[in-house]
């Protein structure tokens, strides 16, 4: 039996709930980085998500530990859409994206000691046309102010979309469990 310790470099309750679905014992720890200082606006969205996932995992890596870092962002019309932080901002974000398509980029980085494994999932999200009243109703239902793109697909957020193109539906929620499961199996936990 392995003596490796599995660590999720995240305090996100969403990522913790997802990782629990893979049935591994793990601990969740805050990554030792200042995420806001590490955000480089000159990087393309995918590269930024990958960099942040790597930095989060690398901040806690050590011998005998398998550390998972993750980052997620929305790329819409050439810009990154972050967390709204307020209901009003969430409504405005969703109003700007309604009737259009955006990419939800979910990057993970796993360190098994010094060995690094990275994976990125890009999901195409086709949002349907909606009225302001419909969007306000949705924001009132889910209060998605702490989610990239201002929606919670695992709750009522599914009502916002016409079509979702994804290799792994769990990536939309914050961790691509299909690929992460393969990585963890190979780590011999």
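Numbering (full-length UniProt numbering), first residue to last: 1 to 189.
Think of the CB as a built atom: it goes at the ideal place given N, C-alpha and C, for glycine as much as any other residue.
Residues near residue i by beta carbon distance below 6 angstroms, same chain, minus five either side
i, result
"residue 91", "135, 136, 139"
"residue 54", "109"
"residue 27", "7"
Rounded separation between residue i and residue j - CA only
i, j, result
"residue 166", "residue 126", "11 angstroms"
"residue 110", "residue 159", "33 angstroms"
"residue 1", "residue 7", "In this prediction, residue 1 has a pLDDT of 48, which is less than 50 and means its spatial position is unreliable; nothing more can be read from the coordinates."
"residue 45", "residue 149", "13 angstroms"
"residue 152", "residue 142", "7 angstroms"
"residue 22", "residue 76", "31 angstroms"
"residue 226", "residue 154", "The displayed coordinates of the chain run from 1 to 189. Any statement about residue 226 would go beyond what the structure contains."
"residue 117", "residue 181", "12 angstroms"
"residue 121", "residue 164", "13 angstroms"
Neighbourhood of residue i by C-beta distance below 7 angstroms, restricted to the same chain and skipping five residues each side
i, result
"residue 57", "9, 67, 68, 69, 109, 110, 111"
"residue 29", "7, 9, 60"
Extent of the continuous beta strand (DSSP E) run through residue i
i, result
"residue 120", "115-127"
"residue 163", "161-165"
Limits of the alpha helix (DSSP H) - the one that residue i falls within
i, result
"residue 170", "169-173"
Sufficient close CB pairs (3 or more, under 8 angstroms) joining the stretch 62-71 to the stretch 84-100
no
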